[in-house]
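> Take this structure first; my questions come after.
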Amino acid sequence: MIQSMTGFGKHVIQLPSKKITVELKSLNSKNLDLNARMPSSYREKELELRKVIASSLVRGKVDFGLYVEFTGEETSAEVNRPAVENYMNQLREIAAGDELRLLDMALRMPDALKTDREDIDEEEYEHIKEAVIQALKEINLFRSEEGQVLENDFVQRIETLQQLLKDVEQMDPERQSDVRERLKKAVSDLRSDVDANRFEQELIYYLEKYDITEEKVRLANHLKYFSSTLNSADSNGKKLGFISQEIGREINTIGSKANYAPMQQLVVQMKDELEKIKEQMLNVL
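Residue numbers for the sequence shown follow UniProt numbering, beginning at 1 and rising by one.
What follows is the structure, encoded as structure tokens:
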């Protein structure tokens, strides 16, 4: 079963004095591109959390957010009184004003608040790691559900391609007959005697040159291989993408050899279906 690279997961934990929210969002990408946003006091655990996320999500453009909201009396920030008083003195020199307004302006200045860096409590970190694991379960469930939608679409389009290939096979005798008749007419229009044996040899050569038997067989095999890979345990977007390229190569060759308008119309429909598969393939894990 395939997975989509699009997903979202979120988990919230409530500690005695903090509310911690973990969010994971992912979009399609060739490789794993992980962007982490978290308070600076938790940065020492970033590498470890990155490894946990990378081992689960594998590919995609992933945004990881760790948000902390203090809900109790605990706080690590204090007013930097010397800095605030210095700012207020400077503001008074520039312009007179209400003290409360000057204080409000001073508190908005850089370094008006100072934060004492504290080591992360190991118990709290275990809660955070568990929240990350729960968010990963949610995002992987989301990816699986999206993957099922993609899989249903692929199955339908592969069946359409198989039906179009059957139409091509049924039309092929008619195409060969048409090519033969056009050649005969072209020769008769020359109004000159033509050696019958030589003409037959040239006709056979021409028909062999535009024979699509091998392409039809290979295309049928590629379509079967795509379907079996889609249902396999090791199914992934890169492997399916390679098979899609082979499918496209056979369709293009049939189109270039067809030399028959009705068959070329079928080839156009096949290319349209394959293009839609390739577009969706960009989002498969």
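Note that CB positions come from ideal geometry on N, CA and C, so glycine has one too.
Under the assumption that Asn28 contacts Leu282 (Cβ atoms under 8 Å), give the Cβ distance between them as a whole number of angstroms.
About 5 Å separates the two Cβ atoms, so the contact holds.
> Taking its Cβ as the centre, do 16 or more other Cβ atoms sit within 10 Å of Met1, making it buried, or is it exposed?
Exposed: under 16 other Cβ atoms inside 10 Å.
> Enumerated in chain order, which unbroken segments of the alpha helix (DSSP H) with a length of 4 residues or greater are wholly contained in the UniProt domain "Endoribonuclease YicC-like C-terminal" (168–284)?
Taking only runs of at least 4 residues, the alpha helix (DSSP H) segments lying wholly in the UniProt domain "Endoribonuclease YicC-like C-terminal" (168–284) are 196–209, 213–230, 237–258 and 261–281.
> Is it true that the CB of Asn80 sits closer than 7 Å to the CB of Asp111?
Yes, Cβ-Cβ distance for Asp111 and Asn80 is below 7 Å.
> Measuring only the C-alpha atoms, how far is Leu274 from Ile251?
Approximately 9 Å between the Cα atoms of the pair.
> What is the rounded straight-line gap between the Cα of Ile254 and the Cα of Gly241?
Distance between the alpha carbons of Ile254 and Gly241 is about 20 Å.
> Looking at the strands, I want to know which residues DSSP matches up with residue 293.
As shown, the chain starts at 1 and ends at 285. That puts residue 293 outside it, with no answer to give.
> Check Lys30 in the structure and name its three-state DSSP category.
It is coil, neither helix nor strand.
> Looking at the ligand GTP, does it come within less than 6 Å of Gln148, judged from the CB to the closest heavy atom?
Questions concerning the ligand GTP fall outside what the structure shown contains, since it holds no ligand whatsoever.
> Are there 16 or more other CB atoms within 10 angstroms of the CB of Glu169, so buried, or fewer, so exposed?
Flag for Glu169 reads exposed.
> Which same chain residues end up closer than 6 Å to Thr21 when comparing Cβ atoms and leaving out the 5 residues on each side of it in sequence?
Cβ within range, chain order: Val12 and Tyr67.
> Tell me Arg37's beta-bridge partners as DSSP assigns them.
Answer is Gly65, bridged to Arg37.
> Considering only residues of the same chain and omitting the five flanking positions on each side of Gln162, which have a CB-CB separation below 8 Å?
Cβ within range, chain order: Ala220 and Leu223.
> Compare the beta carbon distance of Leu24 and Ile139 with 7 Å and say whether it is the shorter of the two.
In this structure, Ile139 lies closer than 7 Å to Leu24 by Cβ.
> Which two residues bound the contiguous alpha helix (DSSP H) that contains Arg101?
Counting along the chain, the alpha helix (DSSP H) containing Arg101 begins and ends at Glu99 to Leu107.
> Let me know the secondary structure DSSP gives Val58 once reduced to three states.
The answer is coil: DSSP assigns Val58 none of H, G, I, E or B.
> Taking only the alpha-carbon atoms, compute the straight-line gap between Lys278 and Ser244 and give it to the nearest angstrom.
Rounded to the nearest angstrom, the two C-alpha atoms are 7 Å apart.
> Count the CB pairs spanning the stretch 128–138 and the stretch 52–70 that are closer than 8 Å, and state whether there are at least three.
Judged by Cβ distances under 8 Å, the stretch 128–138 makes contact with the stretch 52–70, as three or more pairs qualify.
> Between which two residues does the alpha helix (DSSP H) harbouring Ile94 extend?
Per DSSP, Ile94 belongs to the alpha helix (DSSP H) from Arg81 to Ile94.
> To the nearest whole angstrom, what separates the beta carbons of Val84 and Leu100, a pair I think is in contact under 8 Å?
That belief does not hold up - the Cβ atoms of Val84 and Leu100 are roughly 13 Å apart, past 8 Å.
> Specify whether the stretch 34–50 and the stretch 151–158 touch according to this definition: at least 3 beta carbon pairs, one from each stretch, less than 8 Å apart.
Verdict: no, contact absent.
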